[in-house]
Amino acid sequence: MWSLPMCGVVMTCPTASSSSCMPCAALPVATPAQRLQVNFAHTLKWTLALLVCVWAVWRVRRARQQPRRKLKGFPVPEDYRAAGVIFYTVDELQNIGQMLLAVEDRKVSLRELGVGSGSGQKRVLLFPQGKREQEDVDFVATARREFIEETGDPTSLSGYLEGDLPSTWFPAAKMGVVFCEVPASAAEPFSQRAPAPQPEPRPRRQQPRQQEKQSQQKKPWPLQPVWVNVSSLRDALKSSTGQVATTIGLFHLFPVTRKFLLLNEVSGWLGISHARHK
4 MWSLPMCGVV
14 MTCPTASSSS
24 CMPCAALPVA
34 TPAQRLQVNF
44 AHTLKWTLAL
54 LVCVWAVWRV
64 RRARQQPRRK
74 LKGFPVPEDY
84 RAAGVIFYTV
94 DELQNIGQML
104 LAVEDRKVSL
114 RELGVGSGSG
124 QKRVLLFPQG
134 KREQEDVDFV
144 ATARREFIEE
154 TGDPTSLSGY
164 LEGDLPSTWF
174 PAAKMGVVFC
184 EVPASAAEPF
194 SQRAPAPQPE
204 PRPRRQQPRQ
214 QEKQSQQKKP
224 WPLQPVWVNV
234 SSLRDALKSS
244 TGQVATTIGL
254 FHLFPVTRKF
264 LLLNEVSGWL
274 GISHARHK
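Its first residue numbered 4, the sequence shown is counted upward by one per residue in our numbering.
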């Protein structure tokens, strides 16, 4: 085959002999303007794709470089009456990822939960907490002791309660609350870990207080700890009747816990807009 451009079209003919040359179908040839338009369209397409990729990478890097949201808490007075602890993890973007709460049977106002009137026993979510005792040197010691006594500390989280940790004061309950970040690896479901061993009773004679503690430790742990995604917690806090989704079911927040999480300093730390509070 051979071709010969003629007046803007290409004529193709067989090469067997010159006498067999017959005009064939004409194929259009792109003009310089058309070729320029096609090249420009392809260039624009790839440029836009590249810009989208660069923008996405920039957003991720910028988020990682942003300072972590800090808790602007209030000092805990020495005459506190109770203490609690909130363990949490952060994600790659330095946002609060998960928070450790616990399920407990409590007598609560059904009206506050939006499930009826009067009061009744309900399984609700709260953070580990308890009353101060004489042996507690400070509110962190109270929070640590109560966490161990209430949950058994099956994954040894109490070991992270060291150093200068952020905290705040909850005046409605006269409670100091300490916030403790733990590695993401520590937030495994508790069902995958073996329970903490029960302490053996001492053979020597003990004081009534010690005997009471050991008797309590032989019973099932009062709290069932569970890691909660903060996104689910935020959704539940948008409404007074919202429930939190966990790996073991849906639960309402204990009213006192809800009030604490909606404190300005705590809700700001969680990234909850005050305009959403209802």
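Cβ coordinates follow ideal geometry from the N, Cα and C atoms, glycine included.
Since the model is a prediction, treat every value here as computed from it, not as a measurement.
In the same chain as P78, and ignoring 5 residues on each side of it, the C-beta atoms closer than 7 Å to its own belong to W172, in chain order. Given a length threshold of 3 residues, each whole run of the beta strand (DSSP E) inside the stretch 244–271 is given here in chain order: 246–249 and 252–256. Going by beta carbons, P192 and W230 fall inside the 9 Å limit. Membership of I89 in the beta strand (DSSP E) is indicated by the continuous run A85 to V93. Looking at the DSSP output, Q132 bridges to G87. Counting every other CB atom within 10 Å of its CB across the protein chains shown gives F43 a total below 16, marking it as exposed. In the same chain as F150, and ignoring 5 residues on each side of it, the C-beta atoms closer than 7 Å to its own belong to V88, P131, D156 and S161, in chain order. Residue burial annotation: W272 is buried, with at least 16 other C-beta atoms found within 10 angstroms of its C-beta.
Distances from the CA of F263 to each of G252, T249 and L236 were compared; the closest alpha carbon is that of L236. Per DSSP, the unbroken alpha helix (DSSP H) holding D238 starts and ends at V233 to L240. DSSP places W58 in the helix class (H, G or I) of the three-state scheme. Take the alpha-carbon of L51 and the one of L39: they are about 18 Å apart. Contact annotation: T260 and L113 have beta-carbon atoms that are not nearer than 9 Å. Judged by beta-carbon spacing, V180 lies beyond the 9 Å limit of A144, meaning their Cβ atoms are not closer than that value.
If you compare the alpha carbons of F142, S170 and G133 with that of T154, the shortest gap goes to G133. When secondary structure is reduced to three states using DSSP, Q137 falls in the coil class, being assigned neither helix nor strand.
With distances taken between CA atoms, E136 lies nearest to E152 out of V247, E152, N232 and G123.
Put simply, the backbone Cα of T92 is about 21 Å away from that of R148. From the listed residues N232, A239 and L53, the smallest Cα separation to N98 is found for N232. Counting along the chain, the unbroken beta strand (DSSP E) around L103 starts and ends at I99 to S112.
By alpha-carbon distance to F142, the top candidate from A85, A36 and H45 is A85. Of the other Cβ atoms in all chains shown, 16 or more fall within 10 Å of the Cβ of Q246; this residue is therefore buried.
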